[in-house]
Amino acid sequence: MSKAMENVTAKTEETKAEKFVRLGEYRINKAMDAIGRIENLANRSAYDYTPEQVEAMFSVLESKVAEVRTKFTAVKVKEAAAFSFGNKAE
213 MSKAMENVTA
223 KTEETKAEKF
233 VRLGEYRINK
243 AMDAIGRIEN
253 LANRSAYDYT
263 PEQVEAMFSV
273 LESKVAEVRT
283 KFTAVKVKEA
293 AAFSFGNKAE
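Encoded structure:
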């Protein structure tokens, strides 16, 4: 079996928990790399910035992290029951 076919077969057998771990690790590592590049902007010999600009950057980042966190802790809204008058018209 070719390498590509093995990869497709492995992914179809992957559980939801395994997929979460695989994608979570990949995406968190990419986010950490991106944050590291933001960290490079703190170099005063290469960049000039105001405290307000720094606050704006961190405000947006913190807001987005808080928003994503709520997605993991939010309770799903129960679907509304079908409407009924209760008593059938006679």
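FYI, my numbering numbers position 60 of the sequence shown as 272, with every residue one higher than the one before it. Where is the CB? At the ideal position from N, CA and C, for every residue including glycine.
What are the uninterrupted segments assigned as alpha helix (DSSP H) that are 4 or more residues long and contained completely in the segment 225-257, given in chain order?
228-252
Grouping DSSP H, G and I as helix and E and B as strand, with all else coil, what is residue 262?
coil
Ignore the nearest five residues each way along the sequence and tell me which others in residue 280's own chain have a CB closer than 7 Å to its CB.
none
Taking the alpha carbon of residue 246 as the point to measure from, which residue in 256, 229, 273, 255 has its own alpha carbon closest?
273
Once the 5 residues before and after residue 259 are set aside, which same chain residues still bring their CB inside 6 Å of it?
253
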